[in-house]
Amino acid sequence: MPSCPDCKQPIRQFVTKRYNRVINRAVMDETCKRFLNKRRSDLEAFDSRLNALADALVAKGTTVRPTGLTKAQIKNRYVAFVRLSKEAASLSKMMDMEHQPTKRLKDAIALRQRPPDDDAISISHQLERLRISTPTPDNQITLGARLISIKAREFVLHDKFRLLNSNTKIEEPILIVQLNQLTIPFLEDCQDLIIQAKGGSLSRIVSTATLAFAKVSGLFEWYHRTHPPPKKSTGLESRDNRRNTAREFLVDALHLCDELGNCEELREKIEEMNRLSEGPRYEEVTPEELAYIKIAMVGGRGGMATNSGHWYNCINGHPFAIGECGMPMQLARCPECGAPIGGRNHQAVEGLFRAEHME
Numbered sequence: 001m002p003s004c005p006d007c008k009q010p011i012r013q014f015v016t017k018r019y020n021r022v023i024n025r026a027v028m029d030e031t032c033k034r035f036l037n038k039r040r041s042d043l044e045a046f047d048s049r050l051n052a053l054a055d056a057l058v059a060k061g062t063t064v065r066p067t068g069l070t071k072a073q074i075k076n077r078y079v080a081f082v083r084l085s086k087e088a089a090s091l092s093k094m095m096d097m098e099h100q101p102t103k104r105l106k107d108a109i110a111l112r113q114r115p116p117d118d119d120a121i122s123i124s125h126q127l128e129r130l131r132i133s134t135p136t137p138d139n140q141i142t143l144g145a146r147l148i149s150i151k152a153r154e155f156v157l158h159d160k161f162r163l164l165n166s167n168t169k170i171e172e173p174i175l176i177v178q179l180n181q182l183t184i185p186f187l188e189d190c191q192d193l194i195i196q197a198k199g200g201s202l203s204r205i206v207s208t209a210t211l212a213f214a215k216v217s218g219l220f221e222w223y224h225r226t227h228p229p230p231k232k233s234t235g236l237e238s239r240d241n242r243r244n245t246a247r248e249f250l251v252d253a254l255h256l257c258d259e260l261g262n263c264e265e266l267r268e269k270i271e272e273m274n275r276l277s278e279g280p281r282y283e284e285v286t287p288e289e290l291a292y293i294k295i296a297m298v299g300g301r302g303g304m305a306t307n308s309g310h311w312y313n314c315i316n317g318h319p320f321a322i323g324e325c326g327m328p329m330q331l332a333r334c335p336e337c338g339a340p341i342g343g344r345n346h347q348a349v350e351g352l353f354r355a356e357h358m359e
């Protein structure tokens with residue numbers, strides 16, 4: 001706040017016209033500063049809430065495995081994530097130019113100075129005549145809030161894909177409809193955020209959003225192995241387009257990490273995701289390795305020798321083992337290709353056959 005050069009007392013606003021413009025500028029600067037500090041504080045609070053929600057969801061999945069989930073239970077499972085995503089998106093919009101304190105001041109002055117009988121002069125023309133500089137919005141807060149919104153949606157999608165691949169009794173058609181409706185808009189929002197953050201030289205936001213895009217894109221590709229789309233797709237709905245876009249983003253993110261420095265953990269995640277995006281790699285198993293696998297599986301107190309387990313191949317030829325009596329008693333999915341494996345009441349699913357070379 002400007003002060004008197006003689007007595008050092010703050011000069012109050014509107015007391016004297018001589019210093020009024022200087023005081024108004026100081027007041028506006030302080031208002032903008034408080035506005036930004038408040039939004040940064042909100043952003044940090046959202047980030048803490050997201051981490052707490054993610055930890056709780058992971059703990060719930062590891063300690064308490066639900067035996068069944070209805071449509072209402074699935075919806076309630078993600079209420080906190082959906083609320084946080086909406087609040088973060090609202091914060092991002094609040095940081096737009098229209099909501100900046102300086103913009104509101106200019107609008108108020110334009111309305112005040114507009115002659116009541118001169119309807120021809122538009123508000124935009126009045127704004128052009130004003131000599132008040134408008135600072136650019138803080139993109140770090142704007143895009144950071146969008147990133148938190150996207151990360152909250154990513155956790156929801158990731159958990160739904162996990163439920164679809166688990167042994168949990170769920171209303172599968174509901175999850176399938178939700179995944180088909182939510183995944184592509186999520187990827188489009190991720191792509192838009194990556195492009196905007198790259199234009200604003202916000203490398204960490206670019207890299208984090210790239211990881212979210214690549215993870216969900218990979219999960220969606222796995223999902224389509226067992227639930228192929230009904231028609232030929234274009235844009236991000238196309239598997240090849242999604243895969244190529246993810247690879248391009250990952251390569252760019254690695255270059256940004258080189259320039260950024262001090263981000264080893266982020267770089268390792270991107271490198272790992274880059275390797276996964278290249279697709280599965282298969283190497284022929286040698287007889288020695290096969291012998292070691294058999295010894296490891298049948299050895300020990302609780303090994304398959306004790307429980308008379310058996311080896312099977314899924315419909316695509318990927319081997320897996322069933323312990324205890326060795327007969328299928330529950331449904332699952334092949335971790336390699338997502339094909340149905342297992343069965344019910346000693347009845348195997350269609351396409352399953354014994355891997356006798358592994359016995």
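In my numbering, the protein residues as written are 1 to 359. Built from N, CA and C at the ideal position, the CB exists for glycine as well. Bear in mind that the values here come from a model prediction, so they are computed numbers and not experimental data.
| Query | Result |
| --- | --- |
| Three-state secondary structure assigned by DSSP to Pro328 | coil |
| Segment limits, beta strand (DSSP E) that includes Ile315 | Looking at the DSSP string, Ile315 is not in any beta strand (DSSP E), and its letter there is neither H nor E. |
| Extent of the continuous alpha helix (DSSP H) to which Pro185 belongs | Glu172 to Gly199 |
| Contact belief for Ala197 with Leu143 at Cβ below 8 Å, rounded distance in angstroms | 5 Å |
| Straight-line gap, Met327 to Ala296 (C-alpha atoms, nearest Å) | 20 Å |
| Residues that DSSP places opposite Phe353 in a beta bridge | Asn313 |
| Nearest-angstrom beta carbon gap, Arg49 and Leu84 [assumed within contact, 8 Å] | 6 Å |
| Extent of the continuous alpha helix (DSSP H) to which Gly377 belongs | As displayed, the chain neither begins before 1 nor continues past 359, which places residue 377 out of reach and without an answer. |
| Buried or exposed (CB count within 10 angstroms, at least 16 for buried), Cys7 | exposed |
| Closest Cα partner of Leu193 within the set Phe155, Asn165, Ala145 and Leu182 | Ala145 |
| Spatial neighbours of His318 in its chain, beta-carbon cut-off 7 Å, leaving aside the 5 residues before and after | Cys334, Glu336 and Cys337 |
| C-beta atoms of Gly351 and Ile322 nearer than 8 Å | no |
| Nonlocal neighbours in the same chain, by C-beta distance under 6 Å from Asp79, ignoring five residues either side | Note that residue 79 is Val in the sequence shown, not Asp. Result list for Val79: empty, nothing under 6 Å. |
| Cα-Cα separation between Gln347 and Gly309, rounded to whole angstroms | 15 Å |
| Continuous alpha helix (DSSP H) stretch holding Cys257: start and end | Arg239 to Leu260 |
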